[in-house]
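In terms of the numbering used here, the sequence shown is residues 49 to 141.
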Amino acid sequence: MDNEEIRARLLFSLARKRKWGESHTAYENMFRQFKSESLGKAGLKNVENIADELVKEGLIIKKPAHYGLQVSLNPKKSQEIKKLIREKLGFEL
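Listed below in structure tokens is the structure:
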């Protein structure tokens, strides 16, 4: 699985749950779909690094809360997010 597919899967996992803007979920929930048995420890660390890149690019919004870090998709970049998911995974949102 290449980095672009991982990026698309991370975004799709949030989009599928409709986590746009004010609707958010725990940061750790993004990684549940990736199993350490298939990726290994280094692979899971790579997935976390890719998630951090998505935050830096502004595609994912971080929201600190007293109960832990929360994330959601940036609604201002919805077209870019949908295009990336469509091109890499073939899903239409």
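Positions of the beta carbon are idealized from the N, C-alpha and C atoms, including for glycine.
Might you give, ordered along the chain, the residues of its own chain that have their beta carbon closer than 8 Å to the beta carbon of P112, omitting 5 neighbours on each side?
Excluding residues within five positions, the ones whose Cβ falls inside 8 Å are Q118.
To the nearest angstrom, how far is the alpha carbon of A56 from that of Y115?
Taking the CA atoms as reference points, A56 sits about 27 Å from Y115.
Is it buried or exposed, M25, if we count other Cβ atoms within 10 angstroms and call 16 or more buried?
There is simply no residue 25 to check, as the chain begins at 49 and stops at 141 in what is shown.
Which whole-angstrom value is the C-beta distance of G106 and N122, which I expect to be below 8 Å?
Between N122 and G106 the Cβ distance is about 6 Å, and since that is below 8 Å, they are a contact.
First and last residue of the uninterrupted beta strand (DSSP E) at G106:
No beta strand (DSSP E) contains G106, which DSSP labels as neither H nor E.
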